[in-house]
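Here's the structure, in structure tokens; my notes come after.
2 protein chains.
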Amino acid sequence: MASPPHTLIPFFSPKGVAIIGASRDPVKLGYGLARNLVESNYQGAIYFVNPKGGEMFNRPVYAYVQEVPNPLDLAVILIPAPAVPDALLQCARRGLRAAILCSGGFRETGPKGAALEEECLSIAQRYGMRLIGPNCIGLLDTHLPLDTTFLPPPGPPPGDVAFISHSGAICAAVIDWARGQGFGLSRLISLGNQVDVCETDVLAPTVADPFTRVLTLYLESVSNGRRFVEEANHTSFQKPIIALKVGRFSSGQRAAASHTGALAGQENAYHAAFRRAGVIRAETSEEMFDWARALAWCPPPKGRAMAVLTNAGGPGVTAADALEANGLQLATFTPETHKKLAKLLPPVASLQNPVDMLASATVEQYAECLRVLIEDPNVNGVMVILPPPPMDSAGAVARALIPVIHTAQKPVIIALMGDRMIQEAVEHFRASHIPEYRFPERAASALAILAERAEFLVRDQSPPPLFEDINHQAVQSLLERFAGDSSSLGNVLPQDLAMQILDAYHIPTLPIRLAKNAEEAIKFAHELTYPVVLKIDSPDIPHKSDVGGVMLNLTDAGAVKQGFDLILHNAKQAQPQAYINGVQVQHMLPPGQETIIGAVQDAQFGALAMFGSGGLEVEGLRDVAFALAPMTQEEAIHLLDSTWAGKRLEGFRNLPPADRQAVETILLRLGQLAGDFPQLAEMEINPLRVLEEGQGAYAVDVRMRYDQKG
Amino acid sequence: MASPPHTLIPFFSPKGVAIIGASRDPVKLGYGLARNLVESNYQGAIYFVNPKGGEMFNRPVYAYVQEVPNPLDLAVILIPAPAVPDALLQCARRGLRAAILCSGGFRETGPKGAALEEECLSIAQRYGMRLIGPNCIGLLDTHLPLDTTFLPPPGPPPGDVAFISHSGAICAAVIDWARGQGFGLSRLISLGNQVDVCETDVLAPTVADPFTRVLTLYLESVSNGRRFVEEANHTSFQKPIIALKVGRFSSGQRAAASHTGALAGQENAYHAAFRRAGVIRAETSEEMFDWARALAWCPPPKGRAMAVLTNAGGPGVTAADALEANGLQLATFTPETHKKLAKLLPPVASLQNPVDMLASATVEQYAECLRVLIEDPNVNGVMVILPPPPMDSAGAVARALIPVIHTAQKPVIIALMGDRMIQEAVEHFRASHIPEYRFPERAASALAILAERAEFLVRDQSPPPLFEDINHQAVQSLLERFAGDSSSLGNVLPQDLAMQILDAYHIPTLPIRLAKNAEEAIKFAHELTYPVVLKIDSPDIPHKSDVGGVMLNLTDAGAVKQGFDLILHNAKQAQPQAYINGVQVQHMLPPGQETIIGAVQDAQFGALAMFGSGGLEVEGLRDVAFALAPMTQEEAIHLLDSTWAGKRLEGFRNLPPADRQAVETILLRLGQLAGDFPQLAEMEINPLRVLEEGQGAYAVDVRMRYDQKG
């Protein structure tokens, strides 16, 4: 790892902090910063630096950082940008090795600012100093405690969610919003322009924080794709990471030589990277923090079967719908559970899932029924719905439920319907760290994320299996020869060369021979083994079938002769002027299914493999999925499971099951090839013909684009 | 229309209301009901009825409804279910023609309750009485005012959103939640078991309410599909309707004879019905009311190009993302706008869209920049983002923005980031009826709904064009003959019969002849015109191509002879034991695109037509769309525009544009056929071969299922 985290220690547990640019003027940000640090109750030494000197918050103001006594290991700099490099130099000479640059006016303002930023970086590199920022609002730790932001009070309540952000404004909003939503933050890290420390660097120190239970990330990009994946994967095994990745639509369309290239794009790369890293992706800010509370406070469910407990039908139906829409199921109760519920509830209550206790439900019925549901081995988690009860108090129900929930080993999530009338219940649940949401839909979404997290934790995490029978040297030589051959037209590899590369990685291909006459066709047919397919080969006839230029399943020399003649006859009838190269002879594969497999090199995350439905439709139907390459076996299976093309391989209607195993192996091998040779900018096997179970899969057509940049 | 709304007048503007079951015991619901009616400040006469007599709320309690004086035209009944029929009878005899049955204990509790409910209905029918309920929480009108619910106070604040609900509990939740979210209700109608008055009945009286600007519906189903569509369509031209339809996943899988049947299902029918009706469908409760506020308070945008005004980069990126994710675009400003913004903002501010005024943005800059953006002719609407400003007050910004927004003819929506620090701004915006949301994502979703609504209002609303050249009688006779023919096996129509039905509706078909020998094949080929296709016809050979059993593009008698022999040769090689009917001869169409067109009879909404990608993949890829049949031309175009199969018809890569016009006509004709003959339970043309522009489209294969129930 490039940045050993020990250099980051002064940021996360400083012994002494100096504020360069502390101000006594209450309208200045330098005042807010000083106030927040003092009021945060930070236990280390606090120093203020300002050439004006004097005194503030009962502490002396030093004119220069050189004058500041020990202990001191962190500077927070908030002075006009042009003065920052000099201040940084003073800090470095004072022996400081960590600084937070809160000042704006750097790269975000144009080339002049960018030059200032470079100057800061070069000073830092010269002295082995680490920098957070510039153009950030600093760091906040509610447990240490430490507050180096300049935001107006109050800061966030202490909690267990860490927030790491590329945007300072979002930090300010989240601090305020968290308070209203009733959850606290453990840490907040505003990264600003990331001249040095980036989002990946702070993952390890944050996951090590004992008060942090969930990491939330607001990302505009990642600094280094593969390093992020590695660090985030390491982190997410210990604690969940949720990311809101913005800038989804800014990438625009790229010109691509293949379907794979056209379909890849930044979003699919992020999707594949996050999946490998175990990063849960939120679509909206609210979703991110909805999920964070559930992940921080609930045990993981053992499956996706959930129970719903309600005192009214409508919210129960809404909840059942929302659970299914979020990929969860309604649990089927054991007979034992039915019996217990029947004893607790009136005869007209619904004992099926959702359990509707009716409007007359008492506080005791809520608590006892919840206990019964939790005890049912078929139930993996429970959503309890509390509509504002006509005559009863939601607060009393909350008080009765809380001890039951706290002793449960299963997640219980509350849907509290209403607003003013349920405030007491809301406060009880929040104080008890039980996630509550205003409507069943949000509660269902939180339960689904808990299930996703639980599944991630038990996912097969074996590394990508690398085949040793491949011939790396052969591909290397073929590519060197291609690159060195000045007669190569463009950067698309000839078909036979591409087929040879596949052969070197043991991806089965289907050779093609070009016959000039019927005798040659019969000879090739014999070599390739019967049955064979004949196809017209003419640059003027793109749609071979349409002119009767394809003959399938020719099983002997007589049929080949007849077929050859008929093809030429048909082609000449259809297009008398067409230039005809000859007739292609290919072994005819038994019936099978056609799929597409491809790979591209993503600028951010490197090799990226694709699987899905092929043919002309591939770009329109988008039945494709992506994984980082080389891929793990689990990822290969996921690509198959998450596309219709992959599901269909298991058989569909009249279609018999196809050789899914062979496709899985080819995916792994092509992924390995893409990982080994970044200069193979795009590869696409389309179609890959998948035969029936046990009979393999064959690359019928392949397309590769070379780019020496790779 | 079955129920002329004048019979509903007593519900919505009663002259006098009697509460049957009023109670002096404060823990009883009959007390809450009396209290709410009195405290609602209802201006008509209020009467209490209870056999115990006495006095409450300074009014006499009548022992029997017969004793209640005039004016009286509405009864609200809240007594135990078994006593309701008798009370209803008393009301009827007293001359009442409208009653709200709040009591529970009816159909929702089982057969005994259902019988009681039937008894109520028969009394009502005998006396020409209208009923709301039973098992509901009644009616509420904040402007009349009138409150016949028994819910604990406070009721909802007066507002402009009407809420019509199949669930009483959801009503209670929404009343309370609306208050917290800062919007009011005009009316609330809890429909309960709908023994008489249903959701469709109350649309017309609600849209007529001058205080209602938006109708919101919580639906578990609709009572009569086509009547709902008609009434809702009529309503939604006047005022927007948003519906949350639950029970999406309860329908289960139906056994179907065709792809169309398997794909149809309740959800697609609702989707098609809501689209025709102009009903906006919300996925979650929060979404419904988020949208309701925007629709109630904002003018419709003239297009989908939006501007974003922010004082920080991160929220701006989030907003831009969210706009695109919701199908909106970032407006491109005029040079004039750039010039004006440049004068107002510092040089490093971003004058592109999103406009980032930087953290230093003043109250005046917010107001002036917003004014500039609204004036830009390229801007259809604006999202203003207010993160909690470090040192400034969001309240002051709100006060400055409000007059600018109020004079704008374009929608302006506020994303207020944070919680406690923005409360003052929240209150200002709510009081001024300007929609504000906590994050840019929800604000973007609201802007998108405004655009959708604006597009609905200008949508071509011509009725389904009905072709007069069709031969209705021919189809009638064919179906009668089929139904009467005891030798008909099952209910699937023979292919030739199905083709004749299509012919009668002028849907072009491609006839097939079965040749027993080469001479016959040549004769048929001549009749059908060259070129032709030959296909093996054998029950034992389902995959004709795979055995070399298909010969395409045969252009003369010689080729047909050669092809016929080769097919038989191949078939015998492949499956020596196969029983062979002969060889099918069909005219060979020029190259084209293949699509699927189908229709089913939906239990709820009647005839439903489908269009999309055909072939074996149709069920897996689900590239299909549905419309009510017969469909309007606008709907036919929408089916083409909303599927990949339809977009592809305009040409894609090497694929030339196909005859979209022909497909549109066939869709309309098939829709008319499905509408004319409900006994055609399922129809499917798969494939419909679409030739190049101007050359038409042909049903190559068709499947029809007959069901006399239809």
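So the protein sequences, as listed, match chains C and E.
Its first residue numbered 25, the first sequence is counted upward by one per residue in the numbering used here.
Its first residue numbered 25, the second sequence is counted upward by one per residue in the numbering used here.
Even glycine gets a Cβ: it sits at the ideal position worked out from N, Cα and C.
Query                                                                                                                                                                            : Result
In the DSSP assignment, what are the bridge partners of G405 (chain C)?                                                                                                          : C:M330
Take every Cβ of the region 156-165 of chain C, pair it with every Cβ of the region 114-129 of chain C, and state whether three or more of those distances are shorter than 8 Å. : yes
Looking at the structure shown, is Q625 (chain E) part of a helix, part of a strand, or coil, going by DSSP?                                                                     : strand
Report all residues from its chain with a CB closer than 7 Å to the CB of V198 (chain E); omit the five preceding and five following residues, and keep chain order.             : F187
Which of the three DSSP states is assigned to H611 (chain C) in this structure?                                                                                                  : strand
Beta-carbon within less than 7 Å of I473 (chain E)'s beta-carbon, same chain only, minus the 5 sequence neighbours each way: which residues are those?                           : I304, W315, A318 and L319
Please classify A627 (chain E) as buried or exposed, where buried requires at least 16 other C-beta atoms within 10 Å of its C-beta.                                             : exposed
So within the region 489-567 of chain E, which uninterrupted beta strand (DSSP E) runs reach at least 3 residues, ignoring any that extend past its ends?                        : 536-539 and 556-561
Pull up the distance between the alpha-carbon of M728 (chain E) and that of H530 (chain E), whole angstroms please.                                                              : 16 Å
Quick one: grab the DSSP three-state call for R250 (chain E).                                                                                                                    : helix
Could you spell out where the beta strand (DSSP E) holding Y86 (chain E) opens and where it closes?                                                                              : R83 to Y86
Under the rule that 16 or more other beta-carbon atoms within 10 Å means buried, what is L440 (chain C), buried or exposed?                                                      : buried
Which runs of the alpha helix (DSSP H) at least 4 residues long sit entirely within the region 359-447 of chain C? Give them in chain order.                                     : 359-368, 387-399 and 418-430
Could you run through the region 435-458 of chain C and flag, in chain order, every residue whose CB is less than 8 Å away from some CB of chain E?                              : M441, G442, D443, R444, M445 and I446
Could you tell me whether the Cβ of R278 (chain C) comes closer than 7 Å to any Cβ of chain E?                                                                                   : With a pLDDT of 40 at R278 (chain C), under the threshold of 50, the predicted position of this residue should be treated as unreliable, and no value is reported.
Run the CB neighbour count on E310 (chain C), radius 10 Å, all protein chains shown included, and call it buried at 16 or more, exposed below.                                   : buried
Are the C-beta of G157 (chain C) and some C-beta of chain E separated by less than 7 Å?                                                                                          : no
Which of helix, strand or coil does DSSP assign to Q277 (chain E)?                                                                                                               : Residue placement at Q277 (chain E) is flagged as unreliable, the pLDDT there being 37, under the threshold of 50; a coordinate-derived value is accordingly withheld.
Going by the DSSP bridge assignment, what does S210 (chain C) pair with across the sheet?                                                                                        : Looking at the DSSP assignment, S210 (chain C) forms no beta bridge with any residue, so it has no partner.
Roughly how many angstroms separate the alpha carbons of A306 (chain C) and R444 (chain C), rounded to a whole number?                                                           : 28 Å
Just the Cα atoms here: how many angstroms apart are K52 (chain C) and G271 (chain C)?                                                                                           : 32 Å
Which chain C residues are close to P680 (chain E), counting only those with a beta carbon under 8 Å from its beta carbon?                                                       : Per Cβ cutoff of 8 Å: no residues; P680 (chain E) is ~11 Å from chain C at best.
In terms of alpha-carbon separation, which member of C:G718, C:F650, C:G670 and C:I661 lies closest to H295 (chain C)?                                                           : C:F650
Between the C-alpha atoms of P106 (chain E) and H452 (chain C), what's the straight-line distance to the nearest angstrom?                                                       : 40 Å
Please name the residue, chosen from C:A122, C:Q500, C:G77 and C:Q625, that lies closest to G40 (chain C) on a Cα-to-Cα basis.                                                   : C:A122
Would L212 (chain E) and C195 (chain E) be called neighbours here (beta carbons separated by less than 7 Å)?                                                                     : yes
Does R121 (chain C) come out as helix, strand or coil in the three-state DSSP assignment?                                                                                        : coil
Would you call Q732 (chain C) buried or exposed, if buried means 16 or more other Cβ atoms sit within 10 Å of its Cβ?                                                            : exposed
Put I103 (chain E) into one of helix, strand or coil per three-state DSSP.                                                                                                       : coil
Along the alpha helix (DSSP H) that carries M312 (chain E), what are the first and last residues, could you check?                                                               : S309 to W321
Under 7 Å between beta-carbons, which chain E residues line up against F676 (chain C)? List them in chain order, please.                                                         : G644
Under DSSP, the beta strand (DSSP E) around A669 (chain C) begins and ends at which residues?                                                                                    : That residue, A669 (chain C), is in no beta strand (DSSP E); its alpha helix (DSSP H) goes W668 to R672.
Using only alpha-carbon positions, find the residue among C:A42, C:P95, C:P38 and C:I44 that is nearest to S168 (chain C).                                                       : It is worth fixing the name first, because residue 168 (chain C) is Leu in this sequence and not Ser. It is C:P38 whose Cα lies nearest to the Cα of L168 (chain C).
Tell me whether Y390 (chain E) is buried or exposed, calling it buried when 16 or more other Cβ atoms sit within 10 Å of its Cβ.                                                 : buried
Just the C-alpha distance for P378 (chain E) and F298 (chain E), rounded to the nearest angstrom, thanks.                                                                        : 34 Å
Which residue's Cα is closest to the Cα of V714 (chain E): E:D49, E:I33, E:D683 and E:M523?                                                                                      : E:D683
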